[in-house]
């Protein structure tokens, strides 16, 4: 008989404590909808009243199958739960469940709250009872529980029992400072259950300050806890929270969890996990963590020559799960460690078939090595890699050549004394012997200058003659720049992500000491790849 | 009585399997020296003969206190250990220790090697015996051990016993595919010890495919293993190896390891850990992982309002260790969640004292919020944050103002038909009413064009009149670009890192839809901050 395990997401609350992360209310709504489709049981939306974004989110929160949960803190001393304005703001969000953080560590009761240990117990009791009286599902978040238990196990347990007796559905053991190791989490969780808090009323909330957030969570489940708290992509204060993106596939795919437990995650949702993880990064405009378990772009990348050649025979040799299970994909990255068999496999994935032993394979490997030494990075620019290979195989028609370009950026005051900037680009291309000269300013719908790369893109895309129709639905979606090398060898690497109306997305790379030149190289690659992809006939 | 725990680093071998990572021999040498100072017991330098870089490294490997170790594989079937050319190349590196990977999983023996189970045992025996006969310390890396043990425990154990009896100093249990969970690692490690391999001959090598590499390593130590393998910053194939950067502070600072074990890490080395971690990222030109345990820039960043205000009273309230122990620092990041007390603390850290209740504090918070909404990111651009605060406090003299600038990038063929690019910038500044016009080309010592930002920097730095001397030792060391927002709100955020001859390094931010404009804003901030830092008198 499998047991029910409950998943509680705090991306929208603790995840928002990530350095550099700031959600808008609209972004919170989109993320809540994603979490709901993923089958989470609880979605903690934020702290109503703590900041305008959280208040706005709850005012227009989406209807979810998951129980929407507001976060707050137990009432303060010297007033009743009914008369605590901070708690009132939390209640006013009208959510089905409310999670209140409270102290269980005598040091914190004295240091942070400045009240007596008994007053703290009464604050816990009265706050939880108030939630229950108002018909809410109550969760008590026992802050600093593991440190508190180490310091004074009797008091820490008394806090939990007080919340349970007052009607809390869940008692959440929180390793707030993130310093507790898995074996200790297991030991204390067992002691809590032995101390009268049933495992099916017990949640676990871990942070990654020792790199053990996932392991501590599993250790608590092994010990009997039945609610798991975490965040998508492991967002969260300091080193982050336990990553649900990692925990969910482990719980669904690995023993003893696969057979021993069931969750609310619907069939098929797991295959959406990689897309969900990347979508969150897009919303946050963060580069996805390549090395993230299960969903990272490197999670199934086989670079070692021995591994890569075995993978080609049988993927189970070097993969712990099939990447498609979580919506991810196997990658055999192009790098100067890779051998010819990896290269052929990667080209074949791109629809480029090459005979074993073709001398072009060695030339392509050499070229990749030379160019990576010069700053190119083909791991993350598959489209440029394919163009390089096609050229070396003698199968690339370049479609057009660029004779020259010039771009000017000027910042000055206009006639009204307002500071403006103007970017202008001139590009001269040659298409089948015909010279075409285009000029363009960079200017968006609102009349704002968007800079030299945009001006070059517009000039280049303005009149590509016979190819124009094919690139009309293409646009630039991301642009990343790194300085590579150092000193006089320093070069700028530009990676451009492009997309089109058919939902394709591709990445190209350019390298030059001059950022405009590097960008232009990546732009030209992006256009050529699109023309090839769409099967446009070269003139 | 504490027991000796041995640390084995494979950054230079397994770490090199990280997607996008490619060390040069010189970089390997620098990293080996860093590892040696950190007190590692073994440094695995690579696979001699597998690629030119590894061969070059061993040919000129530094003299280390740590045992330099070459990696290779057990001899192939059908030839003697003496006559295996792959093994010979490994031996020829002349290292004190040699670690040979071999199969212990019947599926792999058949699938990858295509030999009988007995032939595989003989390959292990003969290879290890050959190392010992040549006077080398022998390590047997039991590839896929945990999967192999699950499949056929008797055969897997027989492989280990064969290596041990042939004279291997260490038997390393390797979770090659990274799919084994901590509880299972502990269970199998105990079984191996019960099966005749003493714990003080046993190593553990884990990968992070389920986010448990660190926890699995600790679980093996708890079960009795006494050698730990890992990499700096958790580099490695797919999701990476167990991070020594995380494990070392855990072992040295946390119980039961702190009292129970001793390592070769010298006193004081731990305080160098953050610097070491960042240096590796610099060598690899990777952005440091903010959320990395112990050493990440966010590892001691307290963003939540409640946490930040408690930290100001007593850091132990929300920190599991003192950040200085590992050479890291506490951060109270500036973001629109932060309150006035955090803001005052952060300004005070920068030497800017503001009275509690100063109305400028509220204005600064509002301004930070407005600008972060527009794409600025002050978390990573402390110098621009300080300038913003000083301006709002009425304490910033701008030193100079920029009337206008113009920059041109041209790419064309020169008189000899060679493609060249030329960047030229004109900047007009006003210093105390005096108008100064500068023009500069971007050109390095080798006559290469370095692009528009460099041209602007040169023009700006060429003639700043009375300020010129103060900025002569300043240079730009990094340049990072991100697109923020999306659609018509898209803007380019540029963060520039500058340094000077006194060893200072500071970061400034500019935001604009135009990348040149954003860069220029960050450049101007960088110069102003330097002038303030050096106490230059404004004209």
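Protein chains in written order, with full-length UniProt numbering: chain A, 1 to 539; chain B, 1 to 539. For each residue, glycine too, the CB sits at the ideal point set by N, CA and C.
Chain B contact residues for residue i, given Cβ-Cβ distances below 9 Å
{"i": "residue 530 of chain A", "result": "Simply none; closest approach about 20 Å."}
Residue i versus residue j: straight-line alpha-carbon distance, rounded
{"i": "residue 271 of chain B", "j": "residue 491 of chain B", "result": "39 Å"}
{"i": "residue 280 of chain A", "j": "residue 376 of chain B", "result": "20 Å"}
{"i": "residue 161 of chain B", "j": "residue 186 of chain A", "result": "33 Å"}
{"i": "residue 10 of chain A", "j": "residue 269 of chain A", "result": "19 Å"}
{"i": "residue 48 of chain A", "j": "residue 89 of chain A", "result": "6 Å"}
{"i": "residue 198 of chain A", "j": "residue 224 of chain A", "result": "8 Å"}
{"i": "residue 336 of chain B", "j": "residue 322 of chain B", "result": "For residue 336 of chain B, the predicted model reports a pLDDT of 45, less than 50, meaning its position is unreliable and no value from the coordinates is stated."}
{"i": "residue 31 of chain A", "j": "residue 12 of chain A", "result": "8 Å"}
{"i": "residue 115 of chain B", "j": "residue 504 of chain A", "result": "45 Å"}
{"i": "residue 431 of chain B", "j": "residue 242 of chain A", "result": "54 Å"}
{"i": "residue 343 of chain A", "j": "residue 380 of chain A", "result": "15 Å"}
{"i": "residue 41 of chain B", "j": "residue 474 of chain A", "result": "55 Å"}
{"i": "residue 450 of chain A", "j": "residue 482 of chain B", "result": "14 Å"}
{"i": "residue 397 of chain B", "j": "residue 493 of chain A", "result": "36 Å"}
{"i": "residue 118 of chain B", "j": "residue 304 of chain A", "result": "27 Å"}
{"i": "residue 409 of chain A", "j": "residue 182 of chain B", "result": "57 Å"}
{"i": "residue 387 of chain B", "j": "residue 292 of chain A", "result": "37 Å"}
{"i": "residue 83 of chain B", "j": "residue 506 of chain B", "result": "57 Å"}
{"i": "residue 455 of chain B", "j": "residue 423 of chain B", "result": "6 Å"}
{"i": "residue 74 of chain A", "j": "residue 163 of chain A", "result": "11 Å"}
{"i": "residue 487 of chain A", "j": "residue 313 of chain B", "result": "Reliability of the predicted coordinates at residue 487 of chain A is poor, the pLDDT of 48 falling under 50, and no value is obtained from them."}
{"i": "residue 511 of chain A", "j": "residue 519 of chain A", "result": "8 Å"}
{"i": "residue 479 of chain B", "j": "residue 216 of chain B", "result": "38 Å"}
{"i": "residue 447 of chain A", "j": "residue 395 of chain B", "result": "35 Å"}
Residue interval of the alpha helix (DSSP H) (run including residue i)
{"i": "residue 130 of chain A", "result": "117-133"}
{"i": "residue 521 of chain B", "result": "515-533"}
{"i": "residue 389 of chain A", "result": "382-392"}
{"i": "residue 499 of chain A", "result": "Segment 491-500 is the beta strand (DSSP E) holding residue 499 of chain A; no alpha helix (DSSP H) there."}
{"i": "residue 246 of chain B", "result": "244-253"}
{"i": "residue 189 of chain A", "result": "182-194"}
{"i": "residue 260 of chain B", "result": "257-260"}
{"i": "residue 214 of chain A", "result": "213-223"}
Under 8 Å from the C-beta of residue i: neighbouring residues of chain B
{"i": "residue 15 of chain A", "result": "Per Cβ cutoff of 8 Å: no residues; residue 15 of chain A is ~11 Å from chain B at best."}
{"i": "residue 313 of chain A", "result": "111 and 112"}
{"i": "residue 209 of chain A", "result": "293, 294, 299 and 320"}
{"i": "residue 492 of chain A", "result": "451 and 479"}
Chain-ordered neighbours of residue i on chain A, where CB pairs are closer than 7 Å
{"i": "residue 544 of chain B", "result": "As displayed, chain B neither begins before 1 nor continues past 539, which places residue 544 of chain B out of reach and without an answer."}
{"i": "residue 410 of chain B", "result": "406"}
{"i": "residue 120 of chain B", "result": "In chain order: nothing, as chain A lies at least about 15 Å away."}
{"i": "residue 423 of chain B", "result": "514"}
{"i": "residue 178 of chain B", "result": "320"}
Distance cut-off 8 Å: residue i Cβ against heavy atoms of the ligand COA
{"i": "residue 271 of chain A", "result": "This structure simply doesn't include the ligand COA, nor any ligand for that matter."}
Partners in chain B for residue i, counting only beta-carbon separations shorter than 7 Å
{"i": "residue 478 of chain A", "result": "483"}
{"i": "residue 183 of chain A", "result": "222"}
{"i": "residue 310 of chain A", "result": "112"}
{"i": "residue 123 of chain A", "result": "Residues of chain B passing the Cβ test: none, with the nearest at roughly 15 Å."}
{"i": "residue 317 of chain A", "result": "108, 111 and 112"}
For residue i, the first and last residue of its enclosing beta strand (DSSP E)
{"i": "residue 142 of chain B", "result": "137-143"}
{"i": "residue 99 of chain B", "result": "97-103"}
{"i": "residue 154 of chain A", "result": "Here residue 154 of chain A belongs to no beta strand (DSSP E); instead the alpha helix (DSSP H) covers 153-165."}
Going along the stretch 235-266 of chain B in order, which residues come within less than 7 Å of chain A, judged by CB to CB distance? 237, 238, 239, 240, 243, 246, 250 and 254
May I ask you to list, following chain order, the residues of the stretch 213-229 of chain B that have a beta carbon less than 9 Å from some beta carbon of chain A? 213, 214, 215, 216, 218, 219 and 222
Please list, in chain order, the residues of the stretch 319-330 of chain A that have any C-beta partner in chain B closer than 9 Å. 319, 320 and 321
Residues of the stretch 364-375 of chain B whose Cβ lies closer than 7 Å to any Cβ of chain A, in chain order: 372
Is the stretch 185-196 of chain A touching the stretch 159-176 of chain A in the sense that three or more CB pairs, one from each, lie closer than 8 Å? yes
Residues within the stretch 342-367 of chain B neighbouring chain A, beta-carbon criterion of under 9 Å: none
So if I threshold CB-CB distances at 9 Å, which residues from the stretch 506-528 of chain B count as touching chain A? 512, 513, 514, 515, 516, 517, 518, 519 and 520
Is there contact between the stretch 91-103 of chain B and the stretch 33-41 of chain B, where contact requires at least three CB pairs shorter than 8 Å? no
Would you call the stretch 365-372 of chain A and the stretch 393-408 of chain A in contact, with 3 or more CB pairs under 8 Å? no
Contact between the stretch 146-156 of chain B and the stretch 97-108 of chain B (3+ Cβ pairs under 8 Å): yes
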